[in-house]
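So for the sequence shown, the working numbering puts the first residue at 1017; every next one is plus one.
Here's the structure, in structure tokens; my notes come after.
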Amino acid sequence: MVSATVGKATALGAAVLLSLLPVPAQAAPQQPEPDLTALRADLRTALRQGAPGATARVDDHGTIAVAAAGVADRTTLRSIGTADRFRIGSVTKIFSAVVLLQLVDERKIRLDAPVNRYLPGLLPDDRITVRHVLSHRSGLYDYTGDMFAASVSGFEAVRTKVFTLRHLVNRSLRKPRTTAPGGAYRYSNTNFVVAGMLIRKVTGHSLATEYRTRIIEPLELSDTFYLHPSTQLPGRYARGYLTPDTAGAPLVDATRQTASWAQSAGALISTTRDLNTFLSALLGGRLTSAAQLQEMRRWVPAGTGQAYGLGLRRRDLSCGVSVYGHTGAVQGYYTYAFGSKDGRRTLAAFANASNNGRLHTTMLGTLESAFCGKRTKAPRGAAAIERHEDAAPAVPLD
């Protein structure tokens, strides 16, 4: 069943809903129109691949399009919707980078200064700079790879624990570094734990305070919170489900956790509306100076069709369009949050399941639908499974 309304988003079971507001003629975008039919199909596919629910929202030059499929809660069978809050995982990294770049604008920190200037003795190499940690070129080992080598048992071992940021860094420092400072891109959550330590040391405030006063309150992101170490998501939210390592085993409800293993690398919660508002403001130059936004977009290669700046990922799509944002993988949720270069078109999409490579690839397809429209058709045959790097990496799939 497919239903449509204007200005109100609801979903019934596995039904899909589309809500459209008319676009003023003078605000028509120059890039391909979003393919909303394909976007709804992406969400239906996510359900077939194991997600209880999936949603997407496109903000496009004043137009809002939303789609939702499936349920937010497998017990109550409440329908999922774009108003539901959810854990955004590593999309948190953009928020952390923005705070540090604002501090650069305020001349309280320098991008090319050693981290140890601000956190004396923390790292074993004085050559590791603030820029290196924000661009994943520090060589610091990613402690989460060991922590979640087995997804369910690893998660259950930490879901109620509360770590200090220094403890997480120390877990990384037990292992050899992966590259010399300033070397090739090597994704590591340790980098953004260090970023969180820098924010706290330079400002003298908590991470929650800095996110709130610098980003959340100015942009009126009423559904965005730094949730640590509380385990209870406030208000209306979608429950998150972790796919077990054993094929066919039941999903694990991973909603309630401290997310203390992630913190400044992945502990924020938000909604699709708030994420689009945030990305539009950032890419439109309203959160940092033009100079710092340019620094954020100094790209290094980060895999096929991807590059990484300072807490910001660029993805190059099949139609030749590039989009800017981040993915988020945290137990129970996959998130894609990206925008056009000017921030006038943004997409936020999430599924409430994780540790499922095919599902992750399907959610990647929402970018093609939202930014490439109908001009580019997907190649025939099975799509390659997306190899993602994020807050809670999945066990590699064959």
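The beta carbon of each residue, even a glycine, is placed where N, CA and C say it ideally should be.
Quantities reported herein were computed from a predicted structural model and do not represent experimental measurements.
- For T1247, the three-state secondary structure derived from DSSP is coil.
- Secondary structure note for D1075: its beta strand (DSSP E) is the uninterrupted segment 1069-1076.
- When DSSP states are grouped into helix, strand and coil, Q1308 belongs to the helix group.
- Following the DSSP letters along the chain, one finds Q1118 inside the alpha helix (DSSP H) bounded by residues 1108-1121.
- Contact between Q1273 and Q1347 holds, since their C-beta atoms are separated by about 7 Å, short of 8 Å.
- Minimum Cα-Cα distance from T1053 among the listed residues A1072, P1068, T1219 corresponds to A1072.
- Counting along the chain, no beta strand (DSSP E) covers F1164, and no H or E run does either.
- Counting along the chain, T1377 sits inside the alpha helix (DSSP H) bounded by residues 1373-1387.
- Counting along the chain, the unbroken alpha helix (DSSP H) around F1208 starts and ends at 1205-1219.
- Our two residues, T1362 and S1204, have alpha carbons roughly 26 Å apart in a direct line.
- A residue is called buried once 16 or more other Cβ atoms fall within 10 Å of its Cβ, and S1246, having fewer, is exposed.
- In this structure, the beta-carbon distance from L1326 to M1312 falls below 8 Å.
- Residue burial annotation: T1351 is buried, with at least 16 other C-beta atoms found within 10 angstroms of its C-beta.
- D1332 is a Cβ neighbour of G1321, given a cutoff of 8 Å.
- The alpha-carbon of A1113 is positioned some 10 Å away from that of I1215.
- The stretch 1299-1374 is shown to contain whole beta strand (DSSP E) runs of 3 or more residues at 1322-1324, 1329-1332, 1338-1346, 1349-1355, 1361-1367, in chain order.
- Under the DSSP assignment, S1286 falls outside any alpha helix (DSSP H), being part of the beta strand (DSSP E) whose first and last residues are 1284-1286.
- Only residues of its own chain outside the window of five on either side were considered, and among them D1058, T1061, A1062, Q1065 have a CB closer than 7 Å to the CB of T1378, listed in chain order.
- With contacts defined by Cβ atoms closer than 8 Å, K1177 and S1276 form a contacting pair.
- With respect to the C-alpha of D1089, the residue from S1154, V1268, A1365, V1218 having the closest C-alpha is V1268.
- Counting only the Cα atoms, N1371 lies some 31 Å from E1226.
- Note that the C-beta distance between G1355 and G1341 is below 8 Å.
- Taking the C-beta atoms as reference points, S1151 is found no nearer than 8 Å to I1144.
- In the three-state DSSP reduction, F1179 falls in the coil class, being neither helix nor strand.
- Under DSSP, T1145 takes part in a beta bridge, and its partners are P1130.
- Under the three-pair Cβ rule at 8 Å, the stretch 1155-1162 counts as touching the stretch 1180-1196.
- Of the candidates H1376, V1146, E1233, R1182, the residue whose Cα lies closest to the Cα of D1128 is V1146.
- DSSP places L1156 outside both helix and strand once states are collapsed to three, so it counts as coil.
- Around the beta carbon of A1283, a 10 Å sphere encloses 16 or more other beta carbons of the protein chains shown; the residue is thus reported as buried.
- Residue nearest to V1339 within the set F1179, G1212, A1386 is A1386 (criterion: CA-CA distance).
- P1048 and T1079 have their alpha carbons spaced roughly 14 Å apart.
- Taking 8 Å as the cut-off, the beta carbon of S1280 is found closer than this to the beta carbon of L1223.
- In the three-state reduction of the DSSP assignment, S1188 falls in the helix class.
- Taken through DSSP and simplified to helix, strand or coil, L1295 comes out as helix.
- Rounded to the nearest angstrom, the Cβ distance from A1083 to R1056 is 5 Å, consistent with a contact under 8 Å.
- Between the C-alpha atoms of K1217 and V1131 there is a straight-line separation of about 11 Å.
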